[in-house]
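When we follow my numbering, the leftmost residue of the sequence shown carries the number 1, and every step to the right adds one.
Even glycine gets a Cβ: it sits at the ideal position worked out from N, Cα and C.
As the structure is a computational prediction, the values presented were derived from the model and not from experiment.
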Amino acid sequence: MEDGPEELEGTFDYAGQTYRLVEENSEQWKVYLGDDYLGALIATPGSRESGPQYTIDLAGEENLIDEPATDDWRRALEVLIDSTAPPVGA
1 MEDGPEELEG
11 TFDYAGQTYR
21 LVEENSEQWK
31 VYLGDDYLGA
41 LIATPGSRES
51 GPQYTIDLAG
61 EENLIDEPAT
71 DDWRRALEVL
81 IDSTAPPVGA
């Protein structure tokens, strides 16, 4: 994949934090902040025109809710991270 999670070489910097991505199996990456597992970024085949689509599974909610898919893997990863952030003031 020319522009995909593989290019990260295991880390993704976002909102002042460095997240670790571990390729679990082909087209699925587990996302960690330190030792905390946040969830998974999952690539699914898309159309020939759009290329792969990316969705997420939050830790503890795997396969419970179908998250929308996007062709922007960075945006999907940011949604996963934002979804696991503690509430403001917590």
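- In the three-state reduction of the DSSP assignment, residue 48 falls in the coil class, being assigned neither a helical nor a strand state.
- For residue 43, the number of other beta carbons within 10 angstroms of its own is at least 16, and it is reported as buried.
- Around the CB of residue 16, fewer than 16 other CB atoms lie within 10 Å, so the residue is classed as exposed.
- In this structure residue 54 is in contact with residue 76, their Cβ atoms being roughly 4 Å apart against a cut-off of 8 Å.
- When the five nearest sequence neighbours on each side are left out, the beta carbons in the same chain lying within less than 8 Å of the beta carbon of residue 28 are those of 40, 41, 42, 43, in order along the chain.
- The beta carbon of residue 24 sits closer than 6 Å to those of 30, all from its chain and outside the five residues before and after it, given in chain order.
- The alpha-carbon separation between residue 35 and residue 19 amounts to approximately 10 Å.
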